[in-house]
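**Student:** The structure that follows is given in the form of structure tokens.
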Amino acid sequence: MKALLFAAGLGTRLKEHTQNNPKALVDLAGKPLLGHAIEYLKHFGISEITINVFHFADKIITYLEENKSFGIDIHISDERDQLLDTGGGLKKAAVFLKGDEPILIYNVDVISNLDLNLLLKSHQEEKALATLVVRSRETIRYLMFDPSLQLVGWKNFSSGETLISREESFSAAQPFAFSGIHLIQPELLDLIEEEGKFPIMDLYLRLAKNHSIKAFIDQSKLWMDLGKPEQLKAAEELLRK
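Residue numbers (the numbering used here): 1 to 241.
Set out below in structure tokens:
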């Protein structure tokens with residue numbers, strides 16, 4: 001596998017930590033989030049990682065240089081001209097991602113102990129174009145999957161806003177929360193028609209009409225979104241134990 005680390009976000013919910021630093025370099029138990037993410041990916045044999053940058057991009061680049069790129073091949077997808085959101089970020093990074101290997105996409109503000117080998121095995125067995133790691137957890141916005149775990153839509157259970165990819169399957173769909181971890185085939189890169197800044201979920205919902213976009217239900221013990229100060233504090237306490 002290759003990997004794409006989304007690290008370009010402004011980290012506005014962590015503003016006490018990101019006024020002078022990028023979100024990717026926010027400290028967690030004595031190590032930046034980016035360091036945790038790279039070491040996690042390396043543990044599963046990933047040796048080529050692309051990192052998108054925007055906010056304090058120079059500090060991320062310096063951090064990687066100081067750590068000698070963690071002994072692996074690291075590419076920088078530079079978005080300093082325009083922050084492109086996740087979909088636009090994937091499209092810009094495609095120059096580094098094309099080839100024959102599946103591509104793991106991972107949010108730098110996620111911490112997880114998911115076995116990526118199990119994810120890859122499921123992805124290959126399902127012959128999926130994309131596999132989205134989901135969990136049964138409480139949120140507002142959910143991805144909707146049919147009984148075969150095919151993506152059929154999206155719903156905001158607070159506002160009622162709904163996006164449907166497969167009308168015939170939506171009524172029997174089950175909601176799951178996206179985890180910020182996904183695995184795609186390189187062929188997906190050639191199917192991106194969207195331009196400029198756009199969220200990757202819009203791409204998945206469009207492709208799900210005619211392609212296999214599947215769920216992988218993550219039941220691992222550790223998963224946390226570190227986008228808020230209280231979440232960062234909880235993760236800090238957990239890791240220090």
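We treat Cβ as the ideally placed atom computed from N, Cα and C, and that holds for glycine. Given the structure is predicted, the values throughout are model-derived calculations rather than measurements.
Looking only at its own chain, which residues have a Cβ that is under 7 angstroms from the Cβ of Thr86, when we skip the five neighbours before and after it?
**Tutor:** By one-based count along the sequence shown, residue 86 stands at place 86. Answer for Thr86: Phe6, Pro199 and Ile200, listed in chain order.
**Student:** Taking Phe6 as part of the beta strand (DSSP E), name the residues at either end of that continuous run.
**Tutor:** For the purposes of this step, residue 6 is identified with residue 6 of the sequence shown, where counting begins at 1. It spans Lys2 to Phe6 - the beta strand (DSSP E) in which Phe6 sits, taken as one unbroken run.
**Student:** Assuming Ile217 contacts Phe176 under a Cβ cut-off of 8 angstroms, what Cβ separation, rounded to an integer in Å, is found between them?
**Tutor:** Indexing the sequence shown from 1 puts residue 217 at position 217. Indexing the sequence shown from 1 puts residue 176 at position 176. Yes, they are in contact, since the Cβ atoms of Ile217 and Phe176 sit about 7 angstroms apart, within 8 angstroms.
**Student:** For Val32, which residues does DSSP report across the bridge?
**Tutor:** The sequence position of residue 32 within the sequence shown is 32, counting from 1. Checking the displayed sequence, the identity of residue 32 turns out to be Pro instead of Val. In the DSSP output, where bridge partners are listed per residue, Pro32 has Asp27.
**Student:** In whole angstroms, what is the alpha-carbon distance linking Asp100 and Asn107?
**Tutor:** The count along the sequence shown starts at 1 and reaches residue 100 at position 100. The count along the sequence shown starts at 1 and reaches residue 107 at position 107. Looking at the two C-alpha atoms, the distance is approximately 22 angstroms.
**Student:** Let's see if you can read the secondary structure: which residues bound the alpha helix (DSSP H) around Pro229?
**Tutor:** Taking the first residue of the sequence shown as 1, we reach residue 229 at position 229. Residues Pro229 to Arg240.
**Student:** Taking only three categories from DSSP, how would you classify Pro199?
**Tutor:** Locating residue 199 in the sequence shown gives position 199, where the first residue counts as 1. The answer is coil: DSSP assigns Pro199 none of H, G, I, E or B.
**Student:** Measure the C-alpha to C-alpha separation of Ser169 and Val152 and round it to an integer number of angstroms.
**Tutor:** Residue numbering aside, residue 169 sits at position 169 when the sequence shown is read from its first letter. Residue numbering aside, residue 152 sits at position 152 when the sequence shown is read from its first letter. If I take the Cα positions, the gap works out to 7 angstroms.
**Student:** Assess, as a yes-or-no matter, whether the stretch 177-192 is touched by the stretch 87-95 under the definition of 3 or more beta carbon pairs within less than 8 angstroms.
**Tutor:** Yes, the stretch 87-95 touches the stretch 177-192.
**Student:** Please classify Asp78: does DSSP put it in a helix, a strand, or coil?
**Tutor:** Reading the sequence shown from its first residue, position 78 is the one you call residue 78. Strand, per DSSP.
**Student:** Measure the Cβ-Cβ separation of Thr50 and Leu10 and say whether it is below 8 angstroms.
**Tutor:** As a first step, residue 50 must be located in the sequence shown, where it is residue number 50. As a first step, residue 10 must be located in the sequence shown, where it is residue number 10. For Thr50 and Leu10, no; Cβs fall outside 8 angstroms.
**Student:** Tell me the DSSP secondary structure of Leu264 in three-state form.
**Tutor:** In the structure as shown, the chain starts at 1 and stops at 241, and residue 264 therefore has no counterpart that could be examined.
**Student:** Are the beta-carbon atoms of Ser47 and Asp78 separated by less than 8 angstroms?
**Tutor:** Taking the sequence shown and counting its residues from 1, the one referred to as residue 47 is at position 47. Taking the sequence shown and counting its residues from 1, the one referred to as residue 78 is at position 78. It is not a contact, given that the beta carbons lie outside the stated cut-off.
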